[in-house]
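Enquirer:
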Amino acid sequence: MVRQKNKRHLSIYHEQGQDYFTINDWYDIGRGREPMIDAYRAWPRGNKLIMLQSTTDLRAPYAEILPSGKFLLYRTKKMNDEKGPFIDSAFFSRYK
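Numbering (my numbering) for the sequence shown: 1381 to 1476.
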């Protein structure tokens, strides 16, 4: 039996007049099932997009998206530890 890893995707949108970007983060589940999608707001700070920690129903840790060569680096910190080290990171490439 061969297991295929789920593919993770990002979409980044900016609407004119808004001071933030909308980040959609989802996984292709496959086998005809709907993807699991999360949406976040990110604010530009220098060459990064910053997603602040959210303690609402969605619950999301502090995260950053920044350029790294030909890729985007998405990295997150532990929940409730914005000053601590990044504990998770993922690289994304552009596709059409």
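Glycine included, each C-beta is placed from N, C-alpha and C at the ideal position.
For my contact list, Glu1444 and Leu1429 are in at a C-beta cut-off of 8 Å; report their separation, rounded to the angstrom.
Expert: Taking the sequence shown and counting its residues from 1, the one referred to as residue 1444 is at position 64. Taking the sequence shown and counting its residues from 1, the one referred to as residue 1429 is at position 49. So it is a contact: roughly 7 Å between Cβ atoms.
Enquirer: Please state if the CB of Lys1457 and the CB of Gly1464 are separated by a distance shorter than 8 Å.
Expert: The residue labelled residue 1464 in the question sits at position 84 within the sequence shown. The residue labelled residue 1457 in the question sits at position 77 within the sequence shown. For Gly1464 and Lys1457, yes; Cβs fall inside 8 Å.
Enquirer: Smallest Cα separation from Asn1497: which of Gln1396, Ala1419, Gln1398 and Glu1462?
Expert: There is simply no residue 1497 to check, as the chain begins at 1381 and stops at 1476 in what is shown.
Enquirer: Sort Glu1462, Tyr1454 and Pro1424 by Cα distance to Ser1473 and report the nearest one.
Expert: For this step, residue 1473 is matched to residue 93 along the sequence shown. The shortest Cα separation from Ser1473 among Glu1462, Tyr1454 and Pro1424 belongs to Tyr1454.
Enquirer: Determine the DSSP secondary structure at Arg1439, reduced to helix, strand or coil.
Expert: The sequence position of residue 1439 within the sequence shown is 59, counting from 1. Arg1439: coil per DSSP, three-state reduction.
Enquirer: Go through its chain and collect everything with a Cβ distance to Ile1417's Cβ below 8 Å, but skip five positions before and after it.
Expert: Taking the first residue of the sequence shown as position 1, residue 1417 is located at position 37. So the list reads Asn1404, Asp1405 and Trp1406, once near-sequence residues are dropped.
Enquirer: Taking buried to mean at least 16 other C-beta atoms within 10 Å of its own C-beta, is Tyr1393 buried or exposed?
Expert: As a first step, residue 1393 is located in the sequence shown; it is residue number 13 there, counting from the start. Tyr1393 is exposed by the Cβ-count criterion.
Enquirer: How is the beta strand (DSSP E) around Leu1453 delimited, first residue to last?
Expert: By 1-based counting over the sequence shown, the position of residue 1453 is 73. Residues Phe1451 to Lys1457.
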